[in-house]
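To keep things clear, I will list the structure first and then write my remarks on it.
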């Protein structure tokens with residue numbers, strides 16, 4: 001299949017328009033099963049080391065479960081606040097950093113290690129986990145194309161999440177995603193807009209031939 | 001920005017048409033600087049934890065460097081072969097698993113840890129590395145849209161690659177990518193086509209509410 005210059009432009013637009021969405025932007029509106037299926041389909045068509053497809057997706061709508069997850073966020077966020085000083089501590093406290101309850105659904109994405117050797121994973125064991133991250137990025141882009149906001153919450157204790165979701169011992173939590181319709185997508189990343197971090201210059205991060 | 005049903009279809013087609021490309025498909029034809037820039041631009045517009053943008057890209061065309069990298073592949077691949085038994089060992093030996101020399105260029109993608117605390121990375125430290133993987137997946141999709149093949153080589157010793165590329169001590173190699181024009185993209189993943197692994201059924205990997 002050959003893609004046109006319009007197709008290339010479309011992909012670039014989706015990449016540029018993708019945002020990390022938090023609870024301040026989600027609106028109370030369900031996401032259709034058709035959209036959820038399309039997002040999961042994008043995920044399972046990600047690359048995976050040795051075609052191992054080492055991913056599992058727990059789709060969570062139940063509010064009791066989500067309230068328990070949110071408790072872990074509160075605990076970890078309290079610890080996180082201590083790490084930022086003065087002005088930055090004030091700014092941190094004012095940020096809305098998750099949308100666990102405000103979103104329409106959550107998807108916990110796990111890595112399931114294989115019991116047999118996986119082609120391509122024999123030296124760099126992390127390649128399995130990286131495959132799961134590729135799946136999440138595909139889901140994120142597809143969600144954005146569908147007009148569905150997605151936020152990745154990493155201020156969570158993976159072991160507590162595993163216990164809440166009754167995950168088997170060998171599974172590893174990679175990402176905890178909140179999905180839902182939004183009132184708007186920001187034009188720029190929220191942390192760039194708020195000048196929390198500056199955008200890096202491409203010339204500082206692209207290196208020719210070797211360091 | 002609102003995307004149309006045609007845009008959604010385009011994204012899905014690019015996701016489905018993306019392949020892991022090895023040396024048996026690359027053709028001897030340079031990739032334009034314009035295409036390289038578009039691929040890198042897709043990368044740096046990936047999500048990153050706390051907008052930390054913790055990525056660095058070493059663009060390698062030099063054949064002496066690539067030959068050294070390939071030595072690490074040979075060493076690690078010899079070890080890998082021992083892990084597969086009987087029929088699978090024969091099949092493994094026949095597979096072409098990289099395109100380090102056959103491709104037009106390589107890109108080594110590194111994670112650069114931050115010296116100050118990163119928002120969102122205080123509990124799950126891996127979130128920084130995951131951001132770099134999201135960048136790689138964006139690059140992979142953009143390469144495919146542009147008609148450029150990309151293969152991720154993970155049968156490499158990261159420490160040897162760091163030494164060859166003179167990478168600072170704190171950097172972590174996440175992905176080693178080979179890029180180039182191809183004679184064709186396979187319709188299905190090569191390892192699926194060769195029945196090395198079976199495609200998983202979505203019902204076996206999507207879980208409702210909890211395990």
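Chains as they are written, first to last, in the UniProt record's numbering: chain A, 1 to 211; chain B, 1 to 211.
Note that the Cβ used here is the ideal one computed from N, Cα and C, for glycine as well.
The structure displayed is predicted, hence computed values, not measured ones.
- Taking a cut-off of 8 Å for Cβ pairs, the region 38–51 of chain A and the region 118–134 of chain A touch, as three or more such pairs fall below it.
- The count of Cβ pairs closer than 8 Å, one atom from the region 156–173 of chain A and one from the region 104–117 of chain A, reaches three, so the stretches are in contact.
- Nearest C-alpha to residue 39 (chain B) among B:195, B:188, B:135, B:170: B:135.
- With fewer than 16 other Cβ atoms from the protein chains shown falling within 10 Å of its own Cβ, residue 30 (chain B) counts as exposed.
- Under the Cβ distance rule, residue 10 (chain A) counts among the residues neighbouring chain B, one pair being separated by less than 8 Å.
- Here DSSP, grouped into helix, strand and coil, assigns residue 120 (chain B) to coil.
- Nearest in C-alpha terms to residue 144 (chain B), of all of B:71, B:89, B:120, B:179, is B:179.
- Look at the region 118–152 of chain A: the residues with a C-beta under 8 Å from a C-beta of chain B are 119, 120, 121, 122, 123, 124, 126, 127, 129, 130, 133, 134, 136, 137, 138, 140, 141, 142, 144, 145, 146, 147, 152.
- Along the region 78–102 of chain A, the positions whose C-beta sits under 8 Å from a C-beta of chain B are 79, 80, 83, 84, 92, 95, 97, read in chain order.
- DSSP, reduced to helix, strand and coil, places residue 78 (chain B) within a helical segment of the structure shown.
- At least 8 Å separates the beta-carbon of residue 72 (chain B) from that of residue 120 (chain A).
- Collapsing the DSSP output to three states places residue 106 (chain B) in a strand.
- Residue 26 (chain B) carries a strand assignment under DSSP once its states are collapsed to helix, strand and coil.
- The criterion of a C-beta distance shorter than 8 Å is not satisfied by residue 59 (chain A) and residue 27 (chain A).
- Under the three-state reduction of DSSP, residue 196 (chain B) is assigned to coil, being neither helix nor strand.
- Take the alpha-carbon of residue 82 (chain B) and the one of residue 92 (chain B): they are about 10 Å apart.
- Under the three-state reduction of DSSP output, residue 21 (chain B) falls in the coil class, being neither helix nor strand.
- Residue 18 (chain B) places its beta carbon 8 Å or farther from that of residue 183 (chain B).
- Within chain A, the residues whose beta carbon sits less than 9 Å from that of residue 45 (chain B) are 12, 15, 16, 18, listed in sequence order.
- Counting along the chain, residue 100 (chain A) sits inside no beta strand (DSSP E), nor does DSSP assign it H or E at all.
- At a cut-off of 8 Å between beta-carbon atoms, residue 40 (chain B) makes contact with chain A.
- Taking 8 Å as the CB threshold, residue 184 (chain B) stays off the interface with chain A.
- Distance check between residue 97 (chain B) and each of B:10, B:202, B:20 places B:20 closest, using alpha-carbon atoms only.
- Note that the C-beta distance between residue 112 (chain A) and residue 158 (chain A) is not below 8 Å.
- With its beta carbon at least 8 Å from every one in chain B, residue 111 (chain A) lies outside the interface.
- A direct Cα-to-Cα measurement between residue 175 (chain B) and residue 190 (chain A) gives close to 28 Å.
- Residue 104 (chain A) counts as buried, since no fewer than 16 other beta carbons sit within 10 angstroms of its beta carbon.
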